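Peer 1:
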Amino acid sequence: MSTAPAAPLALLAELTHRCPLRCPYCSNPVNLTRVAAELDTATWARVFREAAELGCLQVHLSGGEPTARRDIADLVRAANEAGLYTNLITSGVLTGEAKFQALVEAGLDHVQLSVQDTEPGSADRIGGYRGGHARKLEFARLVHDSGLPLTLNAVVHRQNLDRLPDMIALALDLGAGRLEVAHVQYYGWALANRDALLPTRAQLEAATATVEAARRDLKGRLVIDYVVPDYYAKRPKACMGGWGRQFLAVSPAGRVLPCHAAESLPGFDFPNVREVSLRWAWEESEAFNRFRGTGWMPEPCRGCERAEIDWGGCRCQAFALTGDAAATDPACALSPHHAVLSVAVGEAAEAGEAFTYREPQKVPG
Ligand code: FES
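According to my numbering, the sequence shown is numbered sequentially starting from 915.
#1: So the alpha helix (DSSP H) Arg-1092 belongs to, where does it begin and stop?
#2: Measure from the alpha carbon of Glu-1222 to the alpha carbon of each residue in Ala-1201, Ala-1152, Ala-1265, His-1251, then state which is nearest.
#3: Looking at the ligand FES, does it come within less than 7 Å of Arg-1229, judged from the CB to the closest heavy atom?
#4: Identify which residue in Pro-980, Asp-1059, Asp-954, Glu-928 has its Cα closest to the Cα of Pro-934.
#5: Quick check on this structure: which residue in Gly-1061, Ala-1240, Gln-1117 has the alpha carbon closest to the alpha carbon of Gly-1287?
#6: Using alpha carbons as the reference points, say which of Ala-987, Ala-1068, Glu-1052, Gly-1035 lies closest to Gln-1026.
#7: Who are the near neighbours of Ser-941 in its chain, counting only those whose CB is closer than 7 Å to its CB and skipping five residues on each side?
#8: First and last residue of the beta strand (DSSP E) that includes Ala-1241?
#9: Drop a sphere of 10 angstroms on the beta-carbon of Ser-1005, count the other beta-carbons inside from all chains shown, and report buried for 16 or more, exposed for fewer.
#10: In whole angstroms, give me the CA-to-CA distance for His-1252 and Asp-1243.
#11: Pull the bridge partners of Tyr-1101 from the DSSP assignment, please.
#12: Around the Cβ of Arg-1072, are there at least 16 other Cβ atoms within 10 angstroms (buried) or fewer (exposed)?
#13: In this structure, how does DSSP classify Gln-1030 when only helix, strand and coil are distinguished?
#14: Any idea which residues DSSP pairs Val-1141 with across the strands?
#15: Just checking Ala-1175 against the ligand FES - is the residue's beta carbon closer than 7 Å to any of the ligand's heavy atoms?
#16: Skipping 5 residues on each side, what residues in its chain have a beta carbon closer than 8 Å to that of Val-990?
#17: Any heavy atom of the ligand FES within a distance shorter than 7 Å of the CB on Cys-1153?
#18: Hey, which unbroken runs of the alpha helix (DSSP H) at 4 residues or more fall wholly within the segment 947-999?
#19: Return helix, strand or coil for Arg-1130, following the three-state DSSP convention.
#20: Just to confirm, does Trp-1157 get its C-beta within under 7 Å of one of the non-hydrogen atoms of the ligand FES?
#21: Helix, strand or coil: how does DSSP classify Ala-1163 here?
#22: Please report how far the alpha carbon of Thr-1122 lies from the alpha carbon of Ala-1258, in whole angstroms.
#23: Which complete alpha helix (DSSP H) runs does the segment 1170-1246 hold, if anything under 4 residues is left out?
#24: Which value, in whole angstroms, describes the spacing of the CA atoms of Gln-1275 and Asn-945?
#25: Determine whether the beta carbon atoms of Asp-1031 and Arg-963 lie at a separation below 8 Å.
#26: Count the other CB atoms within 10 Å of the CB of Arg-984; is the residue buried (16 or more) or exposed (fewer)?
#27: Does the ligand FES have a heavy atom nearer than 7 Å to the CB of Tyr-1101?
#28: Please report the Cβ distance between Ala-1104 and Tyr-939, rounded to the nearest whole angstrom; I am assuming they are in contact, meaning their Cβ atoms lie under 8 Å.
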């Protein structure tokens, strides 16, 4: 019998893996989906209706770069007509005035814009896209002028964390209502670049103090979300709010996933919206039920007073660092593998700053 929670809060619709940027911490899988394998407009429209029927309240239209899809306005309209709150997660570099106006007219509710840094040369280097930062600022002005709510998403790491105060100032300058300060999470591309990205403990402590002060000073003007890096944690985060509890993602090729990185896990047969309903995937599929609840947990998670707080942490990180997706997340100080994190921190402190970029040619168009 299924133990599925009543409804996921949100659907992450990964519309495409195509993206003009090459961020070295990209959350897409290392093996990217080809454009010919992407779901078509009608199938996405059905997915949005099924998500709404399942109880989802909002859809995050993401990628890759979601506006790389020529039908992006049709997709926004379809999600809107399904009754979902639509959030566009974008780099902003492909959207000029006419295209943005089409998205607004299609019913877009919210924009989440990523920035790589505040110093243009560094931002363009991190994103691997010359001129990208300037285009992002132009796009942010369009959003502001439209009156749509804007969230700025700043992924932070060793090479930009010292400019966190400038990122907060930029969010205010652009009229964002929310700033997400998200430390890199190390799976996929980010794991390949971990040595170049991991912050020092001093940087982390300074950043945390900056966020706490800004939250106090800017109360009522700017909401700041703060995602801290696991590598300095004593207890793991409740990744995705727990496996199969609050969240589901659909990949460009239609696979239904409990988290955006789940395809990195071996031994799964993820259901596909081409073959099953979203409800069946959520409620009945083995993939969603495997790590749901607490019954799957090994020692020391089993019986831990935090088992229903952190839900065992992150399965993708457990696999990436131990080779076993069912292991206790090494971010937990009680994990027998916890020392791998401090070893990684030590190695990163000795490493240089060169990146292995996500390569766009892996997504033939
Ligand atoms: Fe997959 Fe955390 S990213 S469970």
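Note that beta-carbon positions come from the ideal geometry of N, C-alpha and C, so glycine has one too.
As the structure is a prediction and not an experimental result, all values here were calculated from the model.
Peer 2: In brief:
#1: Within the sequence shown, numbered from 1, the residue matching residue 1092 stands at position 178. Run containing Arg-1092: none in the alpha helix (DSSP H); it sits in the beta strand (DSSP E), 1092-1097.
#2: Taking the sequence shown and counting its residues from 1, one reaches residue 1222 at position 308. Ranking Ala-1201, Ala-1152, Ala-1265, His-1251 by CA distance to the CA of Glu-1222 puts Ala-1152 first.
#3: Locating residue 1229 in the sequence shown gives position 315, counting from the first residue. Yes, the beta carbon of Arg-1229 sits closer than 7 Å to at least one heavy atom of the ligand FES.
#4: Numbered from 1 along the sequence shown, position 20 holds the residue referred to as residue 934. Pro-934 has its Cα closest to that of Pro-980, out of Pro-980, Asp-1059, Asp-954, Glu-928.
#5: As displayed, the chain neither begins before 915 nor continues past 1279, which places residue 1287 out of reach and without an answer.
#6: As a first step, residue 1026 is located in the sequence shown; it is residue number 112 there, counting from the start. Out of Ala-987, Ala-1068, Glu-1052, Gly-1035, Ala-1068 has the C-alpha closest to the C-alpha of Gln-1026.
#7: Numbered from 1 along the sequence shown, position 27 holds the residue referred to as residue 941. Take Ser-941, set aside five residues on each side of it, and the residues of its chain with a beta-carbon closer than 7 Å to its own are Gly-1102, His-1174, Ala-1175, in chain order.
#8: As a working note, residue 1241 is residue 327 in the sequence shown. No beta strand (DSSP E) contains Ala-1241, which DSSP labels as neither H nor E.
#9: Taking the first residue of the sequence shown as 1, we reach residue 1005 at position 91. With a threshold of 16 other beta carbon atoms within 10 Å, Ser-1005 meets it and is buried.
#10: One-based indexing of the sequence shown puts residue 1252 at position 338. One-based indexing of the sequence shown puts residue 1243 at position 329. Going by the C-alpha atoms only, they are around 8 Å apart.
#11: Within the sequence shown, the letter at position 187 stands for residue 1101. Tyr-1101 is not bridged to any residue.
#12: Within the sequence shown, the letter at position 158 stands for residue 1072. Result: buried.
#13: Along the sequence shown, one-based indexing puts residue 1030 at 116. Residue state, collapsed to three classes: coil.
#14: For the purposes of this step, residue 1141 is taken as the residue at position 227 of the sequence shown. Answer is Ala-1096, bridged to Val-1141.
#15: Within the sequence shown, the letter at position 261 stands for residue 1175. Within the cutoff, so yes.
#16: In the sequence shown, residue 990 corresponds to position 76, counting from 1. Spatial neighbours of Val-990 in its own chain (CB-CB distance under 8 Å, excluding positions within 5 residues in sequence) are listed in chain order as Leu-975, Thr-1000, Leu-1002, Leu-1017, Ala-1020, Gly-1021, Leu-1022.
#17: In the sequence shown, counting from the first residue as 1, residue 1153 sits at position 239. Yes; taking the cut-off as 7 Å, the Cβ of Cys-1153 has a heavy atom of the ligand FES nearer than that.
#18: Correct list: 955-968, 986-995.
#19: Taking the sequence shown and counting its residues from 1, the one referred to as residue 1130 is at position 216. Residue state, collapsed to three classes: helix.
#20: Position 243 of the sequence shown, counted from the start, is the residue given in the question as residue 1157. Taking 7 Å as the cut-off, one finds at least one heavy atom of the ligand FES near enough to the beta carbon of Trp-1157.
#21: Here the question's residue 1163 lines up with position 249 in the sequence shown. Three-state result, Ala-1163: strand.
#22: The residue you call residue 1122 lines up with position 208 of the sequence shown. The residue you call residue 1258 lines up with position 344 of the sequence shown. When rounded, the separation of the alpha-carbon atoms in Thr-1122 and Ala-1258 is 21 Å.
#23: For the segment 1170-1246, whole alpha helix (DSSP H) runs of length 4 or above, ordered along the chain, are 1192-1197, 1200-1203, 1221-1224, 1229-1236.
#24: For the purposes of this step, residue 1275 is taken as the residue at position 361 of the sequence shown. For the purposes of this step, residue 945 is taken as the residue at position 31 of the sequence shown. Note on Gln-1275: pLDDT 42, under 50, position unreliable in the model; the coordinate value appears next. Our two residues, Gln-1275 and Asn-945, have alpha carbons roughly 11 Å apart in a direct line.
#25: On the sequence shown, residue 1031 is found 117 positions in, with the first residue counted as 1. On the sequence shown, residue 963 is found 49 positions in, with the first residue counted as 1. Going by C-beta atoms, Asp-1031 is not nearer than 8 Å to Arg-963.
#26: In the sequence shown, the residue the question calls residue 984 occupies position 70. It is exposed - the Cβ of Arg-984 has fewer than 16 other Cβ atoms within 10 Å.
#27: In the sequence shown, the residue the question calls residue 1101 occupies position 187. The beta carbon of Tyr-1101 sits closer than 7 Å to at least one heavy atom of the ligand FES.
#28: On the sequence shown, residue 1104 is found 190 positions in, with the first residue counted as 1. On the sequence shown, residue 939 is found 25 positions in, with the first residue counted as 1. Right, their Cβ atoms sit about 4 Å apart.
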